[in-house]
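Student:
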Amino acid sequence: MSRTVYALDSEFGLASGGNVNDGTGTSSFDAPPGTLCGLTIDLLDDDRPTFGVGDRVSLTLGDLGFPDATVIRADRLACGAAALVFEGIDSDGDPAQIVWTPGFDLAGWYTARAAAGPVPVFRSREAGAARPVCFARNTRIETTRGPISVQYLRPGDRLLTLDHGPQDLLWCGYRRHVGLGASAPVVVESGALGNVARLVLSQDHRVILRHPLAQLGFDNPEVLVPVAALVNGSSIRIAAMRRVVYHHLLLERHEVLLAQGTEVESLHLAKGPPVNLASTYRTLPHSLHPDRVHVTCARPALDFAEARSLAIQIGIADGPVPQPPRLLVAA
Numbered sequence: 001m002s003r004t005v006y007a008l009d010s011e012f013g014l015a016s017g018g019n020v021n022d023g024t025g026t027s028s029f030d031a032p033p034g035t036l037c038g039l040t041i042d043l044l045d046d047d048r049p050t051f052g053v054g055d056r057v058s059l060t061l062g063d064l065g066f067p068d069a070t071v072i073r074a075d076r077l078a079c080g081a082a083a084l085v086f087e088g089i090d091s092d093g094d095p096a097q098i099v100w101t102p103g104f105d106l107a108g109w110y111t112a113r114a115a116a117g118p119v120p121v122f123r124s125r126e127a128g129a130a131r132p133v134c135f136a137r138n139t140r141i142e143t144t145r146g147p148i149s150v151q152y153l154r155p156g157d158r159l160l161t162l163d164h165g166p167q168d169l170l171w172c173g174y175r176r177h178v179g180l181g182a183s184a185p186v187v188v189e190s191g192a193l194g195n196v197a198r199l200v201l202s203q204d205h206r207v208i209l210r211h212p213l214a215q216l217g218f219d220n221p222e223v224l225v226p227v228a229a230l231v232n233g234s235s236i237r238i239a240a241m242r243r244v245v246y247h248h249l250l251l252e253r254h255e256v257l258l259a260q261g262t263e264v265e266s267l268h269l270a271k272g273p274p275v276n277l278a279s280t281y282r283t284l285p286h287s288l289h290p291d292r293v294h295v296t297c298a299r300p301a302l303d304f305a306e307a308r309s310l311a312i313q314i315g316i317a318d319g320p321v322p323q324p325p326r327l328l329v330a331a
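The sequence shown begins at 1 in UniProt numbering and counts up one residue at a time.
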């Protein structure tokens, strides 16, 4: 059973196609808020009393329908009013985002801002929100019971780690995403990174890169690099998807795990206490405090530019990162 909400026409705006994520963390309005009429929001995750990031919704906007959208932003404006952004796919396969500010006159804000300066845009992510760093559903993780698909893992399962042998899984969680833009996954074809089967990761998920040039440049033959830095457009590519479910695995330490045979990282709580992540990963227990979970990185971690340069030097990649086409041709 869903819960239905009707938005005031002055409290929402739409971005679609090329206007979605056309700025750094921002999207442009197709038309001034207040121009469009009749936004209906059906909250499908009816066990939650409020909207939260990762919740599924079905949207109707006039003649447009987005039956499988996701909340990608749920925070507050400086005035205290709520700000929600929903992301979905239109009937042509193009991305679309709807920003809704219940209790706040978005149309009035837009008009005042437009009169005073550049055309206003809206943030498409929560302030300070990181991109997802996680495993796509059906990724098989090596455990003491053999390889197990990530969605079937539970706290207490013993995962095999490269440095410390079997280690307990403390927490596992997941979030749904529209697989576009920064949330589009990277597909690593079998054998491209030593994996025994196709591997699907979020763009910022880090993998082990082992090469003498890593020792020369970063004083360690093994470094962690975001998998998106290795994209070559063929055996390692960014693949737009209508829907992707990302899973997170937290251990006592930041560890190197085996996913489909490839050495990859576990969830790294590198910035602030885990309680700060609870607003994003709402099932993360507040009991996981920094004194229990080590935040030291398992290997030297390269930023994207460093990783891309190293990948080009060793011949994994060449040139700029190829992006998927804007229009989706398949689910």
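Cβ coordinates follow ideal geometry from the N, Cα and C atoms, glycine included.
1. Under the rule that 16 or more other beta-carbon atoms within 10 Å means buried, what is Thr-262, buried or exposed?
2. Curious, which full-length beta strand (DSSP E) runs of at least 3 residues does the stretch 191 to 245 contain?
3. How many Å lie between His-164 and Thr-144 at the Cα?
4. What distance in whole Å lies between the Cβ atoms of Phe-122 and Ser-27, which are believed to be in contact at a cut-off of 8 Å?
5. Cutting at 6 Å between CB atoms, please list the residues of its own chain near Val-20, excluding the five before and the five after it.
6. Roughly how many angstroms lie between the CA atoms of Gly-217 and Ser-309, to the nearest whole one?
7. Less than 7 Å between the beta carbons of Gln-313 and Leu-251, yes or no?
8. For Val-99 and Gly-315, I'd like the C-alpha separation in whole angstroms.
9. In this structure, does DSSP put Ser-16 in helix, strand or coil?
10. Following the continuous beta strand (DSSP E) through Ala-154, name the residue where it begins and the one where it ends.
11. Run through DSSP, which three-state label would Pro-320 get?
12. With burial defined as no fewer than 16 other Cβ atoms inside 10 Å of the residue's Cβ, what is the status of Pro-320: buried or exposed?
13. What residue does the alpha helix (DSSP H) around residue 335 start on, and which one ends it?
14. For the alpha helix (DSSP H) that contains Ala-114, what are its first and last residues?
15. Quick one: grab the DSSP three-state call for Leu-84.
16. Report buried or exposed for Cys-259, applying the criterion of at least 16 other Cβ atoms within 10 angstroms of its Cβ.
17. Would Val-150 and His-268 qualify as a contact pair, given that the criterion is a beta-carbon distance under 7 Å?
18. Between the Cα of Gly-173 and the Cα atoms of Leu-162, Gly-108, Pro-155 and Ser-183, which residue gives the shortest distance?
19. Quick check: what's the CA-CA separation for Gly-88 versus Thr-70?
Tutor: This is what the structure holds:
1. buried
2. 199 to 201, 206 to 210, 222 to 226 and 236 to 238
3. 13 Å
4. 6 Å
5. Ser-27, Pro-95 and Gln-97
6. 11 Å
7. no
8. 42 Å
9. strand
10. It is worth fixing the name first, because residue 154 is Arg in this sequence and not Ala. No beta strand (DSSP E) holds Arg-154; DSSP gives it neither H nor E.
11. coil
12. exposed
13. No information on residue 335 is available, as it lies outside the stretch 1 to 331 that the chain covers here.
14. 106 to 116
15. strand
16. The sequence shown places Ala at residue 259, rather than the Cys named in the question. So Ala-259 ends up on the buried side.
17. no
18. Pro-155
19. 7 Å
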